[in-house]
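Each remark here refers to the structure printed beneath this line.
Protein chains: 2
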Amino acid sequence: MAQTITPVLLAGGSGTRLWPLSRRRFPKQFARLSGEETMFQAAIRRGTGAAFGPPVVLTAAPFRFVAAEQLAAMGADPEAILLEPEPRSTAPAILAAAMRAAPDDLLLVMPADHLVADADAFRADVAAAAAAARDGAIVLFGAPPDRPETGYGYIRATGPIATPAPAPLPVEGFVEKPDAATAGRLVAQGALWNAGIFLFRAGAFLRAVREAAPALMPPVAAALRGARADLGFLRLDPDAWSGVPDVSVDRAVMERTPALRVQPLRSAWADLGDWSALARQVGGGATPTQGAATAIDCEGGLLRTEGAGPRLVGLGLRDVVAVAMPDAVLVMDAARGQDVGAAVAALRDAGVPEADAFGREHRPWGWFDRLAEGEGFGVKRITVRPGGRLSLQSHRHRAEHWIVVSGSLRVTLEGAVRDAGPDASIYVPRGARHRLENAGPTVAVLIEVQTGPYLAEDDIVRYEDVYRRPEAGD
Amino acid sequence: MAQTITPVLLAGGSGTRLWPLSRRRFPKQFARLSGEETMFQAAIRRGTGAAFGPPVVLTAAPFRFVAAEQLAAMGADPEAILLEPEPRSTAPAILAAAMRAAPDDLLLVMPADHLVADADAFRADVAAAAAAARDGAIVLFGAPPDRPETGYGYIRATGPIATPAPAPLPVEGFVEKPDAATAGRLVAQGALWNAGIFLFRAGAFLRAVREAAPALMPPVAAALRGARADLGFLRLDPDAWSGVPDVSVDRAVMERTPALRVQPLRSAWADLGDWSALARQVGGGATPTQGAATAIDCEGGLLRTEGAGPRLVGLGLRDVVAVAMPDAVLVMDAARGQDVGAAVAALRDAGVPEADAFGREHRPWGWFDRLAEGEGFGVKRITVRPGGRLSLQSHRHRAEHWIVVSGSLRVTLEGAVRDAGPDASIYVPRGARHRLENAGPTVAVLIEVQTGPYLAEDDIVRYEDVYRRPEAGD
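Line order of the protein sequences matches chains W and H. Heads up: the first sequence begins at 1 in the UniProt record's numbering, then just goes up one per residue. Heads up: the second sequence begins at 1 in the UniProt record's numbering, then just goes up one per residue.
Here you go:
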């Protein structure tokens with residue numbers, strides 16, 4: 001049996017250009033852009049099958065529970081989830097994965113927020129590149145362009161491009177985000193879009209880094225040596241990581257290594273980095289809609305609303321993108337996708353909480369959704385996974401009223417333990433020590449009504465926590 | 001002291017062209033378009049002061065509680081609230097008000113959904129027209145146009161228009177919704193917009209109807225004879241009303257009576273009938289915003305969100321109107337205001353509940369807001385006025401969990417009575433007879449969490465109701 005390939009998922013980004021769907025505290029790779037799965041789940045699924053071993057996931061600490069939750073939901077069992085203590089570009093994350101692997105391991109590095117339309121064709125292209133990778137090539141995958149896009153990087157290959165390509169080709173050079181004229185020329189010359197997906201032997205990549213960017217090696221090695229296992233996550237050492245240069249793998253390694261080859265992709269590929277790209281991707285002449293959205297006499301653009309979001313109606317629009325969430329709505333000219341990040345930064349500077357936060361918060365035991373807030377009260381829906389166990393806690397300023405909707409919960413209240421099923425209600429007075437736990441076989445849902453003068457997440461005293469969380473809002 | 005004038009408010013319309021703010025079950029006159037008061041309240045306030053007696057309000061049965069609520073909130077005590085059993089145009093409603101009055105009463109008829117910018121100037125114009133009205137003239141108020149609007153009706157007066165005008169002028173003719181060229185000519189000729197506001201002696205109006213539209217008299221008179229007092233409302237007789245012709249007062253009476261005069265208005269006036277009109281009214285070059293809305297690099301149009309609605313961000317928009325409510329968002333070309341009604345009708349045909357319903361429902365005891373709904377549960381915030389008393393009721397399919405947020409409530413549950421203050425929680429099992437009552441001096445707020453397989457409003461059995469309501473959803 002041939003050697004299996006280890007998928008390495010880069011899922012640490014926290015872009016806001018797809019706001020309000022993607023936010024700092026819930027970035028786009030964990031959102032459903034289309035279809036049933038999130039982009040992260042689709043990327044995981046892309047690297048499954050007989051040819052692949054369990055994946056390695058790189059992400060940031062604030063996203064660890066949502067990543068674990070989404071892996072669990074699809075039945076995926078990762079080899080490891082590495083947590084980057086601070087955001088860095090791609091080179092350090094890939095290097096950390098390569099250092100943890102055995103030198104002969106084949107690694108398939110994939111961003112978790114790209115669209116690859118045909119997963120079977122993708123796996124066939126990976127298989128076609130595997131022999132060269134085993135022989136020491138660093139294989140970059142490139143997508144044949146269908147337009148002179150100025151937002152992508154381009155790779156020029158030596159020789160004519162054929163798809164399917166039986167093996168990767170030598171690389172002549174990179175052009176990063178060209179102007180329109182240059183992009184047109186590159187497309188005419190048969191250049192490929194740089195898909196940011198790589199296949200290599202771990203040892204080959206390490207050799208390339210040692211030659212092209214040796215300064216990266218010591219701090220990343222130190223961050224791995226100082227890494228700490230934490231409930232199934234592997235936290236890289238924060239002190240060492242703070243000294244790691246913030247550099248992309250293209251700039252640090254790929255543009256400099258003679259080992260680079262490029263494998264053309266058969267599947268359509270896109271970096272759905274902003275709403276303009278997404279509208280172009282899904283659009284035709286009419287205005288595409290997603291969720292409870294209705295387009296009347298509209299052209300171009302995109303109308304979408306999330307499951308719990310408001311009904312959205314567009315009337316007589318030309319090239320307008322509207323995205324509605326329960327707490328925030330973006331309406332914009334379809335050509336302005338690149339400016340959303342700056343707009344969100346302006347909101348953040350103005351103190352608008354919706355700039356970063358999100359109605360749903362993931363926790364190790366499950367998640368909660370903020371349903372409503374008003375003077376003196378707040379309402380949450382709390383979902384606890386089987387086996388999930390909230391910390392033993394109390395609140396100084398609020399009382400809590402729990403109403404079980406489905407499933408069964410074990411409630412600890414001032415030392416007394418009882419089981420509560422659907423329709424049960426439990427009153428937790430201000431200051432009372434309490435804990436919720438799902439001892440049943442199915443997910444449990446309850447409505448929590450908080451009452452009191454101060455209802456923020458930081459009003460919590462934790463006495464005991466199986467997930468050993470340091471911070472209140474974690 | 002001079003005779004006082006009785007304001008007659010026409011508040012029965014249920015237009016949806018300002019959807020999602022205005023809906024069949026919560027039309028625009030009861031919404032806040034700008035400022036602190038609703039359009040209905042602003043119209044009531046316009047007819048207050050030493051010159052005016054208590055108002056007469058004409059509205060429809062579904063709006064009676066919200067009208068009463070808004071009158072009470074501003075401390076207004078109406079002479080009567082007449083309920084039209086079915087929607088009719090303006091002539092029958094005005095005739096009913098005139099028939100109830102003494103022949104020498106001066107009536108000031110005002111639509112409840114118009115903007116009059118300067119209430120003092122308006123009252124001065126009413127005073128200037130009063131002598132002519134006492135002498136038997138039917139005085140129509142007209143607004144000097146500032147543009148060749150094609151959506152309004154025009155009145156041509158005899159002689160030059162001056163404002164302030166010491167007395168009303170003879171009328172030469174009407175032009176209803178002219179084309180653009182005609183509108184331009186009318187504006188150049190000094191024609192006025194028909195503001196739909198009238199001042200007359202009741203007897204003078206009755207004489208004009210007898211002469212111009214005698215067929216109106218018998219069925220309206222019968223509807224009044226058969227009217228039934230109901231908790232402070234006067235319900236016109238439904239059988240008689242069903243035979244009343246559906247005709248506007250302009251067509252039935254004003255275009256035909258020699259008694260008509262026109263008084264020019266000093267104040268700016270607008271019929272804010274749709275979003276295009278509203279955007280034009282509030283707009284300048286930049287995009288006006290209302291509520292939690294942010295316009296970035298936008299021109300024209302309008303961005304508004306309601307108090308509890310989502311954060312709204314516009315980016316790079318040109319002449320786009322976006323209106324965000326918690327349950328529905330409209331985004332449209334600013335010139336398409338006239339098409340919103342048809343769009344809402346299409347939503348209704350498609351079974352979209354947000355087409356007509358609204359998150360807040362008014363009841364005689366106060367109101368409730370739907371905060372959240374999901375599988376197996378629903379959450380409402382219930383606000384009970386002092387003295388408010390819900391019916392003694394039970395539900396077949398749902399249990400209710402109440403949590404008091406503020407104020408004090410008297411709870412009846414299976415015959416037992418207790419008082420519940422802030423933070424108290426009460427469990428109402430499926431099938432249990434229960435009643436809520438605010439016996440305290442302040443408004444009481446509670447959160448109701450409903451659990452069960454079926455949560456619609458029609459799951460209610462009423463045993464006793466001080467408001468004698470016939471229908472479940474009332």
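C-beta: ideal position from N, C-alpha, C; glycine also. None of the values given here were measured: they were computed from a predicted structure.
As assigned by DSSP and simplified to three states, the class of residue i
i	result
residue 289 of chain H	strand
residue 425 of chain W	strand
residue 19 of chain H	coil
residue 439 of chain H	coil
residue 450 of chain H	strand
residue 274 of chain W	coil
residue 399 of chain H	strand
residue 33 of chain W	coil
residue 381 of chain W	strand
residue 394 of chain W	strand
residue 305 of chain W	strand
residue 150 of chain W	coil
residue 457 of chain W	coil
residue 365 of chain W	coil
residue 236 of chain H	coil
residue 242 of chain W	helix
residue 118 of chain W	coil
residue 137 of chain H	coil
residue 281 of chain H	helix
residue 1 of chain H	Because the pLDDT of residue 1 of chain H is 43, which lies under 50, any placement of that residue in the model is unreliable, and the number read from its coordinates should be weighed accordingly. In the structure shown, residue 1 of chain H sits in coil (DSSP, three-state: anything other than H, G, I, E or B).
residue 250 of chain H	helix
residue 312 of chain H	strand
residue 26 of chain W	strand
residue 357 of chain W	coil
residue 419 of chain H	strand
Distance CB(residue i)-CB(residue j) smaller than 8 angstroms
i	j	result
residue 371 of chain W	residue 381 of chain W	yes
residue 112 of chain W	residue 186 of chain W	no
residue 334 of chain H	residue 277 of chain H	no
residue 13 of chain W	residue 29 of chain W	yes
residue 124 of chain W	residue 164 of chain W	yes
residue 339 of chain H	residue 315 of chain W	yes
residue 64 of chain W	residue 356 of chain W	no
residue 452 of chain H	residue 398 of chain H	yes
residue 83 of chain W	residue 234 of chain W	yes
residue 317 of chain W	residue 275 of chain W	no
residue 311 of chain H	residue 328 of chain W	yes
Expected contact under 8 angstroms - CB spacing of residue i and residue j to nearest Å
i	j	result
residue 257 of chain W	residue 208 of chain W	4 angstroms
residue 212 of chain W	residue 103 of chain W	Rounded, the Cβ-Cβ distance is 18 angstroms, inconsistent with contact.
residue 224 of chain W	residue 100 of chain W	6 angstroms
residue 78 of chain H	residue 55 of chain H	5 angstroms
residue 200 of chain W	residue 107 of chain W	6 angstroms
Closer than 7 angstroms: residue i CB and nearest the ligand NAP heavy atom
i	result
residue 178 of chain W	In the structure shown, the ligand NAP is absent, as is every other ligand, since no ligand is present at all.
**Report entry** Residues, ordered as in the chain, of the region 353-381 of chain H that lie near chain W by beta-carbon distance below 7 angstroms
**Finding:** 354, 371, 372, 374, 376, 377, 379, 381
Query raised in the report: Using a Cβ cut-off of 8 angstroms, which residues of the region 132-164 of chain H contact any Cβ in chain W, in chain order?
Result: none
Query - Residue ranges of each alpha helix (DSSP H) within the region 159-214 of chain H, 4 or longer - result: 180-188, 202-212
**Report entry** Any alpha helix (DSSP H) of 4 or more consecutive residues that is wholly inside the region 316-342 of chain W
**Finding:** none
Report task. Quick one: which residues of the region 325-337 of chain H get their C-beta closer than 8 angstroms to a C-beta of chain W? List them in chain order. Result -> 325, 326, 327, 328, 329, 330, 331, 332, 333, 335, 336
Query raised in the report: Quick one, which residues of the region 410-424 of chain W are near chain H if we go by CB-CB under 8 angstroms, in chain order?
Result: 422, 423
Query - chain W contacts from the region 426-446 of chain H (Cβ-Cβ distance under 7 angstroms) - result: 427
Query raised in the report: For the region 63-115 of chain W, which segments carrying the beta strand (DSSP E) assignment without a break, of at least 3 residues, lie completely within its bounds, in sequence order?
Result: 80-84, 106-111
Query raised in the report: Looking at chain H, which residues of the region 304-316 of chain W have a Cβ within less than 7 angstroms of any of its Cβ atoms?
Result: 310, 311, 312, 313, 314, 315, 316
Report task. Determine which residues of the region 446-470 of chain W have a Cβ less than 7 angstroms from any Cβ of chain H, and write them out in chain order. Result -> 447, 449, 451
Report task. Give the residues from the region 1-33 of chain H that approach chain W closer than 9 angstroms (Cβ to any Cβ), ordered along the chain. Result -> 19, 20
Query raised in the report: At a Cβ cut of 8 angstroms, what residues of the region 182-195 of chain W count as close to chain H, listed as they run along the chain?
Result: none
Requested in this report: Compile a chain-ordered list of the residues in the region 277-297 of chain H whose CB is closer than 7 angstroms to at least one CB of chain W.
Outcome: 294, 296
Query raised in the report: Using Cβ-Cβ distances below 7 angstroms, what residues of the region 396-408 of chain W are close to chain H?
Result: 399, 401, 403, 405, 406
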